[in-house]
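Student: Okay, handing you the structure first.
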Amino acid sequence: MLTITKTTHYITTAEAAKIIGISPDRVCKLVRAGRLTRIGHNVFDKAEVNAFALIPRKPGRKVKDHE
Numbered sequence: 001m002l003t004i005t006k007t008t009h010y011i012t013t014a015e016a017a018k019i020i021g022i023s024p025d026r027v028c029k030l031v032r033a034g035r036l037t038r039i040g041h042n043v044f045d046k047a048e049v050n051a052f053a054l055i056p057r058k059p060g061r062k063v064k065d066h067e
C-alpha cells in the first residue's frame, strides 16, 4: 500500500530572515516572543515563514508616547 505524506520544506534562520525582510537576530526575537515557531536548532517550516511574511506590518519601531 502506498502512503502519501505531506512534504515539508525546512529553512534556516538566515533564509527565514530573507523571506520576511528582517535580520536573523530579529527572527530569533520573534521566536522568543512566540510569534514564530522553530522546529529545531536554526530550522523553520517554510510554509509558516511565508504565512508570517504576508502579515501586514508597519516598518520601524513603535512610536512611544512622551508625557
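In this note's numbering, the protein residues as written are 1 to 67.
We treat Cβ as the ideally placed atom computed from N, Cα and C, and that holds for glycine.
Quick check on DSSP: helix, strand or coil for Val63?
Tutor: Here residue 63 corresponds to residue number 63 of the sequence shown, with the count starting at 1. Coil, per DSSP.
Student: Would you say Ala53 and Ile19 are within 8 Å of each other, going by their C-beta atoms?
Tutor: Position 53 of the sequence shown, counting from 1, holds the residue named residue 53. Position 19 of the sequence shown, counting from 1, holds the residue named residue 19. Against a cut-off of 8 Å, the Cβ pair of Ile19 and Ala53 comes out as a contact.
Student: Would you kindly work out how many angstroms separate the C-alpha atoms of Arg32 and His9, rounded to a whole number?
Tutor: The residue you call residue 32 lines up with position 32 of the sequence shown. The residue you call residue 9 lines up with position 9 of the sequence shown. Computed Cα separation, rounded: 22 Å.
Student: Please list, in chain order, all residues of the same chain as Ala16 whose beta carbon is under 6 Å from its beta carbon, the five residues on each side excluded.
Tutor: Locating residue 16 in the sequence shown gives position 16, where the first residue counts as 1. Excluding residues within five positions, the ones whose Cβ falls inside 6 Å are Val27, Phe44, Val49.
Student: Compare the Cα-Cα distances from Arg73 to each of Ala14, Ile22, Thr13 and report the closest residue.
Tutor: The chain is shown only over 1 to 67; residue 73 falls outside these bounds and no answer can be derived.
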